[in-house]
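>
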Amino acid sequence: MSNKLFAVLISAGLLVGGFWLGQHLATNSPVALVGDADRYTSNAAARITAGTALDASVGASGTGTTIDVFNGESIQAAVKRASSGDIIRVYPGTYQETVYIDKDDIWLTGVIQRGHWPILEGNHTLNDAILYSGNNITVENFRITHYKGNAIMGQAGNNFLIRNNHVIDTGVYGIFPQLGKNGLIERNILSGIEDAAIYVGMCDNIHVNNNEVFENVAGIEIENTRHAIVENNKVYNNTGGILAFITPGLPIKTTYDVIIRNNFISDNNHVNFGAPGSIVAGVPSGSGIVVMAADQVTIEGNIITNNKNVGIVITDHQSFANISLDPESDPNSDQVAILNNVMFNNGYQPINEISALKLVNLIKNDVDIVNVGTSADSCILDPGKYVTLGLDDYGRCNFSDTHGTVSYLLPEPAEPHPFTDTEKGKMAYYGICTGCHAYNVRMIGPPVQIIQALYMDNPEGLADYIAKPIKKREDYPEMPAQNYLSPELRLAVAKFMLGVDNQGQFNDPALNQNP
Amino acid sequence: MQLRHLFILLSCTSALTFASPHYQTCASCHGAQGEGNAAMQAPALAGQSATYLARQLNYFKSGIRGGDQSDTLAQQMRAMAGILPSEAAVQSVSLFLANLPRTQPAVTISGDADKGYKLYNMKCGACHGPNGQGNEALKAPALAGVGDAYLARQFTLFKTGARGSHPEDKPGRQMKMMSTHLSNDDLRDVLAYINTIGR
Chain H
8 MSNKLFAVLI
18 SAGLLVGGFW
28 LGQHLATNSP
38 VALVGDADRY
48 TSNAAARITA
58 GTALDASVGA
68 SGTGTTIDVF
78 NGESIQAAVK
88 RASSGDIIRV
98 YPGTYQETVY
108 IDKDDIWLTG
118 VIQRGHWPIL
128 EGNHTLNDAI
138 LYSGNNITVE
148 NFRITHYKGN
158 AIMGQAGNNF
168 LIRNNHVIDT
178 GVYGIFPQLG
188 KNGLIERNIL
198 SGIEDAAIYV
208 GMCDNIHVNN
218 NEVFENVAGI
228 EIENTRHAIV
238 ENNKVYNNTG
248 GILAFITPGL
258 PIKTTYDVII
268 RNNFISDNNH
278 VNFGAPGSIV
288 AGVPSGSGIV
298 VMAADQVTIE
308 GNIITNNKNV
318 GIVITDHQSF
328 ANISLDPESD
338 PNSDQVAILN
348 NVMFNNGYQP
358 INEISALKLV
368 NLIKNDVDIV
378 NVGTSADSCI
388 LDPGKYVTLG
398 LDDYGRCNFS
408 DTHGTVSYLL
418 PEPAEPHPFT
428 DTEKGKMAYY
438 GICTGCHAYN
448 VRMIGPPVQI
458 IQALYMDNPE
468 GLADYIAKPI
478 KKREDYPEMP
488 AQNYLSPELR
498 LAVAKFMLGV
508 DNQGQFNDPA
518 LNQNP
Chain D
15 MQLRHLFILL
25 SCTSALTFAS
35 PHYQTCASCH
45 GAQGEGNAAM
55 QAPALAGQSA
65 TYLARQLNYF
75 KSGIRGGDQS
85 DTLAQQMRAM
95 AGILPSEAAV
105 QSVSLFLANL
115 PRTQPAVTIS
125 GDADKGYKLY
135 NMKCGACHGP
145 NGQGNEALKA
155 PALAGVGDAY
165 LARQFTLFKT
175 GARGSHPEDK
185 PGRQMKMMST
195 HLSNDDLRDV
205 LAYINTIGR
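Going down the list, the sequences are from chains H and D.
Sequential numbering from 8 applies to the first sequence in my numbering.
Sequential numbering from 15 applies to the second sequence in my numbering.
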């Protein structure tokens, strides 16, 4: 008996010794240190410090009067009456409408009484629940369900605050700020979205925290967006958990400076129910974090478990299904940093491509982290902690945490986008249409190139179509009606769309027809 | 028993003389079942959209298609379209062809079908449909089951402007604009993908 114990002790000692030796050798081996040691402690892009309330510079001011909306009344009517600074309080009840806010500084707040919420009900017939194009908009405390398009969509509005909403079984995107600077998305719950539940598109200075997203195709997607933090979210049973992407063919060509930290990312094994052929339809089921073509993405402190394909995958445009190259975008994910995360039981049922890579690299164990393609100046803090594949070129990170960077939200509200009146068409194109239409890539809707061929010299026809779209393609979802836009704006955006190029610049449409 | 045999026999003969008598001359180039004829460079027409076929026949008749003197094959087909005496004849032969089962012409072009699928999905599928079956609402014909050599030639005609330049040919002008967005190498890959459909 005592002999046995002794033997166990000895072997434990050997193990520890071996571990020490391994560590020792590892530090002696010439692995490059990668990244500035003070990357996150003296981070120029982060200008607020610990202790500042995250919502200090976002949302409405609430300095005006309060307008109450009761069950049976119309929220949109209240928005029409409201002026900047006003608070619109919506009492519990069921509201079947689309709310469009085209003013600045409006606070749209639901009143929750004894567990009863105001419910926005789309009945599977309405397209969008809440759309805003104003700056400094707050949307909070709503239950949104059964819309076909988006639950909450921002169209070029800055300083937004979207919190404490429940979005259930609602169309294409759940919470979808497009082209916004300085925005906070917190404490929302979203489920049953056929693209991304939280989709941050072409934005800057964004904070996404304490949300719960499950049973969507993509949980949280940071796309063509700079300076964003995604933290403390619960992300489970989606097809893909958290995605940092560059979508090719959009007028903004980069994604960089993204921190994904302290999230629970588990069991993202949901069958992919995205529209076949769309970009998200190419996300393999069972992917915890997907980094595609995004730069300076740092992954820290996440608990990543039970994602059957892989815990973290870093890849490029070449290797991803349903993507074509954009000559204006760098296709690689560079300067990715993987710091300390807890990862276990991932990669137990990988897609064929990863299985093939494992075979070639003689790896038998389930893989936590895969890199496919070139990834320059990337690093991993402690490779011994995970089973990795394709990370041979990764150095050791020269920084160990991101604590010095609290948020990329701005200390002061951002200025409105500098669109003049004559640029209204451009604003609508950037702020609305590019959410679903990329130039030469299939997103939710057909590529802009194809729309230009269909409507080349017929902007009036295009303007009519978007006011009342009819379903034309069996393998695409329906296009939501843009009838909330004025006829002038519809024609302006139609003209802009017919002349726009891959850079988002407007040209004479005749040039596009005969290049 | 007897009756049934008779019925089969009858339907066979009627297939030989064709449900649409106007198809008689066409069969020498486009095949008895509309399966096309590679030697004649005539495309398969079986299962193609009737409205598309009728439009093309009328385009040939009026010179909107095949008006370009350099395109000798289209010139040939123009003469053939001319023998259809009336709009009713155009409609009946088109309907007859549309109802024939889709064929699988021999593969003559090789390329990277996986790459071709991606390209097709990005650049063609939104009009020609997810499986190359065409889209009536967009006036785009089926590409599957037509024949790769013919498709490649038409694509080039759109590119050079020999097809799709006539001001009254709106669908053709749409296709002409799309043809400038795909290189010849990429076209081979797309055709390789189209060749895999239904096989």
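By construction, the Cβ of each residue, glycine as well, lies at the ideal position given by its N, Cα and C atoms.
What you are looking at is a predicted structure, and each value in this text was computed from that prediction instead of being measured.
Under a CB-based cut-off of 9 Å, is H:G226 close to chain D?
Chain D, which has no Cβ nearer than 9 Å to the Cβ of H:G226, makes this no.
> Relative to the C-alpha of H:I272, which candidate in H:G295, H:N490, H:N279, H:Y107 has its C-alpha closest?
The shortest C-alpha separation from H:I272 is found at H:G295.
> For a contact meaning CB atoms closer than 8 Å, what does H:I457 contact in chain D?
Result: K137, A140, C141, M192.
> So what does DSSP say about H:R497, is it helix, strand or coil?
Three-state result, H:R497: helix.
> Counting only C-beta atoms, is H:E481 closer than 9 Å to chain D at any point?
True, the Cβ-Cβ gap to chain D drops below 9 Å.
> Could one say the Cβ of D:P115 lies closer than 9 Å to chain H's Cβ atoms, at least one of them?
Output row for D:P115: interface = no.
> Please report how far the alpha carbon of D:A140 lies from the alpha carbon of H:G117, in whole angstroms.
Taking the straight line from one Cα to the other gives about 40 Å.
> Under 9 Å Cβ-Cβ, which residues of chain H neighbour D:A151?
The answer, in chain order, is I477, K478, K479, R480.
> What residue from H:D375, H:A203, H:R268, H:N78 has the CA that sits closest to H:P125's CA?
Nearest option by C-alpha distance: H:N78.
> Tell me, please, which residues DSSP counts as bridged to H:R150.
The partner list for H:R150 (beta bridge, DSSP) reads H:I126, H:H173.
> Under a Cβ-count criterion, where at least 16 other Cβ atoms within 10 Å of its own Cβ denotes burial, should H:V97 be classed as buried or exposed?
When all chains shown are included, H:V97 counts as buried.
> For the beta strand (DSSP E) that H:H424 lies in, which residues bound it at each end?
Segment: none, H:H424 is in no beta strand (DSSP E) and carries neither H nor E.
> If distances are taken between C-alpha atoms only, which option among H:M486, H:W114, H:N313, H:D408 comes closest to H:T72?
Ranking H:M486, H:W114, H:N313, H:D408 by Cα distance to H:T72 puts H:W114 first.
> Let me know the beta strand (DSSP E) ranges lying completely inside the segment 244-305 of chain H, each 3 residues or longer, listed in chain order.
Here the runs fully enclosed are 247-252, 263-268, 271-273, 294-299.
> Taking 8 Å as the cut-off, does the segment 496-512 of chain H touch the segment 432-452 of chain H (at least 3 CB pairs, one atom from each stretch)?
Yes: the two stretches touch, three or more of their Cβ pairs being nearer than 8 Å.
> I'd like to know if D:R187 contacts chain H, where contact means its C-beta is closer than 9 Å to some C-beta of that chain.
Yes, contact with chain H.
> What residue range is occupied by the uninterrupted alpha helix (DSSP H) comprising D:L111?
Unbroken alpha helix (DSSP H) run through D:L111: 101-112.
> Does DSSP put D:P185 in a helix, in a strand, or in coil?
Looking at D:P185 - three-state DSSP - the assignment turns out to be helix.
> Would you report the Cα separation of H:D135 and H:I361, rounded to the nearest angstrom?
The straight-line gap from Cα to Cα measures roughly 38 Å.
> Give me the Cα-Cα distance between H:V224 and H:A288, rounded to the nearest whole angstrom.
Distance between the alpha carbons of H:V224 and H:A288 is about 8 Å.
> Using a 10 Å radius around the Cβ and a threshold of 16 neighbouring Cβ atoms, would you call H:T132 buried or exposed?
Answer is exposed; the Cβ neighbour count stays below 16.
> Please classify H:F167: does DSSP put it in a helix, a strand, or coil?
Correct three-state label for H:F167: strand.
> With 16 as the cutoff for other CB atoms within 10 Å, does H:V297 come out buried or exposed?
Counting Cβ neighbours within 10 Å, H:V297 comes out buried, since at least 16 surround it.
> Are the segment 80-98 of chain D and the segment 141-155 of chain D touching by the rule of at least three beta carbon pairs closer than 8 Å?
They do not touch, by the three-pair rule.
> Note down, in chain order, all residues in the segment 448-473 of chain H with a beta-carbon under 8 Å from any beta-carbon belonging to chain D.
Per Cβ criterion, the list reads V448, R449, P453, P454, Q456, I457, Q459, A460, L461, M463.
> With a threshold of 9 Å between beta-carbons, can H:S331 be considered close to chain D, or not?
Answer yes: the Cβ-Cβ gap between H:S331 and chain D drops below 9 Å somewhere.
> So H:G284 contacts chain D; which residues on that side make the cut at Cβ distance below 8 Å?
Under the 8 Å cutoff, chain D gives N135, G139, P144.
> Express the C-alpha separation of H:P494 and H:T409 in angstroms, rounding to a whole number.
Roughly 48 Å between the two C-alpha positions.
> Tell me whether the beta-carbon of D:A60 lies closer than 9 Å to the beta-carbon of D:L114.
Yes, these two residues count as a Cβ contact at 9 Å.
> For D:L165, report the span of its alpha helix (DSSP H) as first-last.
Here the alpha helix (DSSP H) through D:L165 covers 162-174.
> Leaving out five residues before and five after H:H444 in sequence, what residues of the same chain have Cβ atoms less than 6 Å from its Cβ?
Same-chain partners within the cutoff: G452, V455.
> With distances taken from CA atoms, which of D:Q90, D:L201, D:Y134, D:G96 is nearest D:F169?
It is D:L201 whose Cα lies nearest to the Cα of D:F169.
> For H:G190 versus H:G161, is the C-beta distance shorter than 9 Å?
Contact flag set, yes.
> Indicate whether H:Y206 and H:F221 have their beta-carbon atoms separated by less than 9 Å.
Contact flag unset, no.
> Does any C-beta atom of chain H lie closer than 9 Å to the C-beta of D:H195?
At least one chain H Cβ lies under 9 Å of D:H195.
> For H:R233 and H:L416, I'd like the C-alpha separation in whole angstroms.
Computed Cα separation, rounded: 11 Å.
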